[in-house]
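When the letters of the sequence shown are read in order and numbered with this note's numbering, they come out as residues 65 to 682.
Positions of the beta carbon are idealized from the N, C-alpha and C atoms, including for glycine.
None of the values given here were measured: they were computed from a predicted structure.
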Amino acid sequence: MRLRALLDNEALGLRLLGGEDELDRTVRGVMTTDLRDPSRYLSGGELVLTGLAWRRDASDSEPFVRIMAGAGVAGLAAGEAELGAVPDDLVEACLRHRLPLFAVHETVAFATITEYVVRQVSGERAGDLAAVVDRHRRLMTSGPAGGGPEVVLDLLTSDLDLRAWVLSPTGRQIAGAGEPLSAPVGAALAGQHLAATRTGRRGPHRAQADGTTYSLFPIHSGRGPVPGAFRDVRESVLCDWLLAVEADAGDWPPARLDLLQGVTQLIAVERDRRDAARTVRRRLAQEILELVQAGAAPAEISARLRVAAPVLLPGLDTAPHWQVVVARVEWDPQGADAAAEAEAGRAAQALLEEILVDPAVTGPDSADRIAVAHSGGEAVALVPLPGVGPAPASAASGVPDGPGEGTASARSKGPGSRQDAVGTSVASGSAGQDTDASRGPEGTAATAAGARDTALHADVLLAAVRAPLSAGLADDGRLTLGVSAAVHSAEGLRGALEEARHARRVAAARPGRVCAAGHHELASHVLLLPFVPDDVRRAFTARLLDPLREYDRRHRAELIETLEAFLDCDGSWTRCAARLHLHVNTLRYRVGRIEQLTGRDLSRLEDKLDFFLALRMS
Numbered sequence: 065m066r067l068r069a070l071l072d073n074e075a076l077g078l079r080l081l082g083g084e085d086e087l088d089r090t091v092r093g094v095m096t097t098d099l100r101d102p103s104r105y106l107s108g109g110e111l112v113l114t115g116l117a118w119r120r121d122a123s124d125s126e127p128f129v130r131i132m133a134g135a136g137v138a139g140l141a142a143g144e145a146e147l148g149a150v151p152d153d154l155v156e157a158c159l160r161h162r163l164p165l166f167a168v169h170e171t172v173a174f175a176t177i178t179e180y181v182v183r184q185v186s187g188e189r190a191g192d193l194a195a196v197v198d199r200h201r202r203l204m205t206s207g208p209a210g211g212g213p214e215v216v217l218d219l220l221t222s223d224l225d226l227r228a229w230v231l232s233p234t235g236r237q238i239a240g241a242g243e244p245l246s247a248p249v250g251a252a253l254a255g256q257h258l259a260a261t262r263t264g265r266r267g268p269h270r271a272q273a274d275g276t277t278y279s280l281f282p283i284h285s286g287r288g289p290v291p292g293a294f295r296d297v298r299e300s301v302l303c304d305w306l307l308a309v310e311a312d313a314g315d316w317p318p319a320r321l322d323l324l325q326g327v328t329q330l331i332a333v334e335r336d337r338r339d340a341a342r343t344v345r346r347r348l349a350q351e352i353l354e355l356v357q358a359g360a361a362p363a364e365i366s367a368r369l370r371v372a373a374p375v376l377l378p379g380l381d382t383a384p385h386w387q388v389v390v391a392r393v394e395w396d397p398q399g400a401d402a403a404a405e406a407e408a409g410r411a412a413q414a415l416l417e418e419i420l421v422d423p424a425v426t427g428p429d430s431a432d433r434i435a436v437a438h439s440g441g442e443a444v445a446l447v448p449l450p451g452v453g454p455a456p457a458s459a460a461s462g463v464p465d466g467p468g469e470g471t472a473s474a475r476s477k478g479p480g481s482r483q484d485a486v487g488t489s490v491a492s493g494s495a496g497q498d499t500d501a502s503r504g505p506e507g508t509a510a511t512a513a514g515a516r517d518t519a520l521h522a523d524v525l526l527a528a529v530r531a532p533l534s535a536g537l538a539d540d541g542r543l544t545l546g547v548s549a550a551v552h553s554a555e556g557l558r559g560a561l562e563e564a565r566h567a568r569r570v571a572a573a574r575p576g577r578v579c580a581a582g583h584h585e586l587a588s589h590v591l592l593l594p595f596v597p598d599d600v601r602r603a604f605t606a607r608l609l610d611p612l613r614e615y616d617r618r619h620r621a622e623l624i625e626t627l628e629a630f631l632d633c634d635g636s637w638t639r640c641a642a643r644l645h646l647h648v649n650t651l652r653y654r655v656g657r658i659e660q661l662t663g664r665d666l667s668r669l670e671d672k673l674d675f676f677l678a679l680r681m682s
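In structure tokens form, the structure reads like this:
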């Protein structure tokens with residue numbers, strides 16, 4: 065289609081602000097963005113829609129327009145909802161670069177323009193396929209005729225015989241037509257998509273999973289968690305959805321590829337709508353986090369929780385137990401400026417929201433009860449645990465006991481149910497749970513046990529997402545996560561936050577791209593190891609273990625393996641020999657060789673402890 069066709073459609077309500085001589089340019093697609101530099105997502109010929117959230121002052125217009133012109137876009141359409149009239153500096157910059165500029169009235173949704181362009185472009189290129197794109201209009205409608213991403217996927221199946229699914233960056237199914245993908249296949253496809261994107265390859269990406277070929281199309285959100293977020297593709301790739309199609313797109317004609325690209329743009333609008341709906345929950349979580357970090361009085365935090373309860377905890381009528389989860393995304397090299405920290409914090413926020421979703425629940429709204437704040441480069445989630453029974457009515461309670469709040473069972477599909485699905489619970493035993501003793505007659509041990517049974521466990525949170533996220537983090541990123549114990553009142557939230565941060569630091573000391581630690585690990589030697597300087601670690605482990613490693617290398621004697629097994633068996637000769645399938649005399653010979661090479665005595669507690677710590681630190 066030509067640019068001038070946009071002015072012929074009165075329903076779009078576009079006003080031309082400059083570039084009248086360029087209206088015969090061909091439009092090949094449409095993209096919505098508020099990124100300061102979206103060039104990596106542009107291939108030329110697009111109509112770019114922007115809400116101007118990237119513009120902080122007049123000096124920002126020139127570089128933005130220069131990037132647009134350099135990418136070969138057909139034209140720019142600026143919304144008036146953010147700043148009112150389109151700024152003069154943007155108009156002048158577009159005139160200098162001969163880039164046609166349209167003003168979009170605040171009453172016109174970008175989705176309306178997107179649908180029109182996709183219909184026109186697909187109609188001119190694809191002929192009979194245009195009917196499919198035209199029917200996708202229902203995706204953006206409200207009321208009974210709508211239906212979200214499932215509608216467009218159903219049409220792909222019925223009209224083009226293509227089975228397709230929308231997946232999150234962890235592989236969780238958000239929407240699908242027909243039979244759902246299995247969790248392992250979803251995770252495998254997400255991992256391959258993230259790995260391909262990190263190498264800079266453009267989609268669609270060809271992938272194999274469970275003997276089937278898929279084509280993976282990125283679904284780029286124009287907004288990110290907040291308008292203008294993510295300057296770095298490393299952060300954005302961890303937050304974008306993808307469209308997995310059960311077909312090999314390598315031999316598709318251009319018309320069909322264009323159609324699928326249009327479908328991803330329509331689904332991106334749904335993604336942006338969902339992110340906008342989360343804004344209030346994020347803001348409330350941010351306010352509560354700031355109160356907790358500032359050491360506000362428990363009564364003040366409780367009052368804020370009561371005000372936020374209808375949004376953060378819909379349908380919960382009892383004072384819940386709480387857990388705090390802290391996550392951080394770090395890159396090598398890590399940017400030192402505040403902007404880089406904020407970007408990393410937003411990426412961690414989006415990832416934590418995804419990680420806390422019950423993996424058994426599908427749909428774009430399955431995370432609607434998860435509120436995560438971020439402070440600097442750190443994301444913090446305050447997680448209510450459902451189904452713990454009645455709690456005492458007191459000023460320190462997080463949520464009132466009034467009858468108007470619904471039932472705790474309504475939270476059964478919240479983050480706590482992740483543990484119910486996998487049958488995992490968290491053992492007690494950290495300072496965060498000592499407050500149960502002060503609850504009075506109503507605060508029974510059964511209530512505390514109920515909280516533990518539904519509590520989040522660090523390893524379980526990451527079990528299903530470790531592989532795909534490791535692919536997205538590649539060789540220069542890390543995700544670390546810490547989980548606190550459950551606390552039953554606002555009074556314990558400050559301690560729970562610090563506990564989760566300590567646990568995250570323990571996780572950060574471990575090898576691997578995706579690591580987690582729970583509160584129960586803070587009561588052991590594990591808490592001390594992260595704070596041992598690296599040079600001390602290396603010297604300590606080298607002195608004890610290098611002689612054994614060198615001997616193993618030369619003689620294949622497996623002394624390190626023997627030492628680990630001997631310590632795991634608490635020094636029991638018979639159990640260790642059985643575990644290693646050795647005769648006891650052979651085991652005694654190996655232990656004697658270990659003592660000879662290191663000058664230590666494995667019958668002494670001090671030497672056993674030194675070996676144990678050296679193995680852990682190595």
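What are the boundary residues of the alpha helix (DSSP H) that includes residue 640? In the sequence shown, the residue the question calls residue 640 occupies position 576. Its alpha helix (DSSP H) spans residues 637-644.
Can you tell me where the beta strand (DSSP E) with residue 140 in it begins and where it stops? For the purposes of this step, residue 140 is identified with residue 76 of the sequence shown, where counting begins at 1. Its beta strand (DSSP E) spans residues 139-143.
Beta-carbon separation of residue 313 and residue 268 under 9 Å? For the purposes of this step, residue 313 is taken as the residue at position 249 of the sequence shown. For the purposes of this step, residue 268 is taken as the residue at position 204 of the sequence shown. Closer than 9 Å, so yes.
How about residue 137 and residue 112: do their beta carbons lie closer than 9 Å? Taking the sequence shown and counting its residues from 1, one reaches residue 137 at position 73. Taking the sequence shown and counting its residues from 1, one reaches residue 112 at position 48. In this structure, residue 112 lies closer than 9 Å to residue 137 by Cβ.
Can the beta-carbon of residue 162 be found closer than 9 Å to that of residue 83? Working through the sequence shown from its first residue, we reach residue 162 at position 98. Working through the sequence shown from its first residue, we reach residue 83 at position 19. For residue 162 and residue 83, yes; Cβs fall inside 9 Å.
Could you check which residue in 548, 308, 159 has the C-alpha nearest to that of residue 125? Counting from one through the sequence shown, the residue named residue 125 turns up at place 61. The candidate whose alpha carbon is nearest that of residue 125 is 159.
Pairing CB atoms from the stretch 103-111 with CB atoms from the stretch 127-137, are three or more of them under 8 Å? yes
Between the C-alpha atoms of residue 394 and residue 631, what's the straight-line distance to the nearest angstrom? The sequence position of residue 394 within the sequence shown is 330, counting from 1. The sequence position of residue 631 within the sequence shown is 567, counting from 1. Straight-line Cα distance between these residues: approximately 35 Å.
Output the distance between the C-alpha atoms of residue 344 and residue 435, rounded to the nearest integer angstrom. Sequence index remark: in the sequence shown, residue 344 carries index 280 (1-based). Sequence index remark: in the sequence shown, residue 435 carries index 371 (1-based). One C-alpha to the other measures close to 9 Å.
When the Cα of residue 568 is compared with those of 575, 554, 555, 545, which residue comes out closest? The sequence position of residue 568 within the sequence shown is 504, counting from 1. Residue 568 has its Cα closest to that of 545, out of 575, 554, 555, 545.
Expressed to the nearest angstrom, what Euclidean distance is found between the alpha-carbon atoms of residue 676 and residue 572? By 1-based counting over the sequence shown, the position of residue 676 is 612. By 1-based counting over the sequence shown, the position of residue 572 is 508. Using only the alpha carbons, I get a separation of about 20 Å.
Identify the residues that DSSP records as bridge partners of residue 394: which are they? Translated into positions along the sequence shown, residue 394 becomes position 330. Answer is 542, bridged to residue 394.
What residues match up with residue 95 in a beta bridge as DSSP calls it? Walking along the sequence shown from the start, residue 95 turns up at place 31. 112.
Given a threshold of 16 other Cβ atoms within 10 Å of its Cβ, counted over all protein chains shown, does residue 620 qualify as buried or as exposed? Along the sequence shown, read from residue 1 onward, the residue named residue 620 stands at position 556. Burial call: exposed.
By DSSP's criteria, residue 281 is part of a beta bridge. Which residues make up the other side? What you label residue 281 is simply residue 217 of the sequence shown in a count that begins at 1. 307, per the DSSP bridge assignment.
According to DSSP, is residue 579 helix, strand or coil? Sequence index remark: in the sequence shown, residue 579 carries index 515 (1-based). Here residue 579 sits in strand by DSSP.
Determine the DSSP secondary structure at residue 269, reduced to helix, strand or coil. On the sequence shown, position 205 is the one that residue 269 refers to. Three-state result, residue 269: strand.
Can you have a look at residue 182 and say buried or exposed, based on whether 16 or more other CB atoms are within 10 angstroms of its CB? As a first step, residue 182 must be located in the sequence shown, where it is residue number 118. Result: buried.
Proximity to residue 332 [Cα-Cα], best of 178, 535, 228: The residue you call residue 332 lines up with position 268 of the sequence shown. Comparing Cα-Cα distances from residue 332 to each of 178, 535, 228, the minimum goes to 178.
Might you give, ordered along the chain, the residues of its own chain that have their beta carbon closer than 6 Å to the beta carbon of residue 391, omitting 5 neighbours on each side? Counting from 1 along the sequence shown, the entry for residue 391 is found at position 327. These residues qualify, in order along the chain: 412, 416, 443, 545.
Helix, strand or coil: which one does DSSP assign to residue 276? As a first step, residue 276 is located in the sequence shown; it is residue number 212 there, counting from the start. In this structure, residue 276 counts as strand in the three-state DSSP scheme.
Can you give the Cα-Cα distance for residue 261 and residue 575, rounded to whole angstroms? Within the sequence shown, residue 261 is the residue found at index 197, counting from 1. Within the sequence shown, residue 575 is the residue found at index 511, counting from 1. Their backbone Cα atoms lie some 24 Å apart in a straight line.
So what does DSSP say about residue 169, is it helix, strand or coil? On the sequence shown, residue 169 is found 105 positions in, with the first residue counted as 1. Residue 169: coil per DSSP, three-state reduction.
So, using beta-carbon positions, are residue 220 and residue 254 closer together than 9 Å? Here the question's residue 220 lines up with position 156 in the sequence shown. Here the question's residue 254 lines up with position 190 in the sequence shown. Going by C-beta atoms, residue 220 is not nearer than 9 Å to residue 254.
If you follow the alpha helix (DSSP H) that residue 214 is part of, which residue opens it and which one closes it? Sequence index remark: in the sequence shown, residue 214 carries index 150 (1-based). 213-224 is the extent of the alpha helix (DSSP H) around residue 214.
Pairwise C-alpha distance: residue 232 and residue 368: Numbered from 1 along the sequence shown, position 304 holds the residue referred to as residue 368. Numbered from 1 along the sequence shown, position 168 holds the residue referred to as residue 232. Between residue 368 and residue 232, the C-alpha separation is close to 32 Å.
Could you have a look at residue 149 and say whether DSSP puts it in helix, strand or coil? For the purposes of this step, residue 149 is taken as the residue at position 85 of the sequence shown. It is coil, neither helix nor strand.
Would the beta-carbon of residue 387 fall within 9 Å of that of residue 548? As a first step, residue 387 is located in the sequence shown; it is residue number 323 there, counting from the start. As a first step, residue 548 is located in the sequence shown; it is residue number 484 there, counting from the start. Yes, they are a contact pair.
Using beta-carbon positions only, say whether residue 662 and residue 611 come within less than 9 Å of one another. As a working mapping, residue 662 is identified with position 598 in the sequence shown. As a working mapping, residue 611 is identified with position 547 in the sequence shown. Yes, they are a contact pair.
Helix, strand or coil at residue 302 [DSSP, three-state]: To locate residue 302, count along the sequence shown from 1; it is residue 238. Three-state result, residue 302: coil.
Can you find a heavy atom of the ligand MN that lies under 8 Å from the Cβ of residue 305? The ligand MN is absent from the structure shown, which contains no ligand whatsoever.
Compute the beta-carbon to beta-carbon distance between residue 216 and residue 348, rounded to the nearest angstrom, for a pair I have assumed lies under 8 Å. Here residue 216 refers to the residue found at position 152 when the sequence shown is read from its first residue. Here residue 348 refers to the residue found at position 284 when the sequence shown is read from its first residue. The Cβ separation is near 32 Å, so there is no contact.
How would you write the range of the alpha helix (DSSP H) that residue 125 sits in, first residue to last? As a working mapping, residue 125 is identified with position 61 in the sequence shown. 125-135 is the span of the alpha helix (DSSP H), which, as asked, contains residue 125.
Excluding the five sequence neighbours on either side, which residues of its own chain have a C-beta within less than 7 Å of the C-beta of residue 150, listed in chain order? Here residue 150 is taken as the residue at index 86 of the sequence shown, counted from 1. Closer than 7 Å at Cβ, skipping near neighbours: 81, 142, 144, 167.
Reduced DSSP category for residue 333 - H, G, I as helix; E, B as strand; rest coil: Taking the first residue of the sequence shown as 1, we reach residue 333 at position 269. Note: residue 333 maps to helix in three-state DSSP.
Assign residue 663 to one of three DSSP states: helix, strand, or coil. For this step, residue 663 is matched to residue 599 along the sequence shown. Coil.
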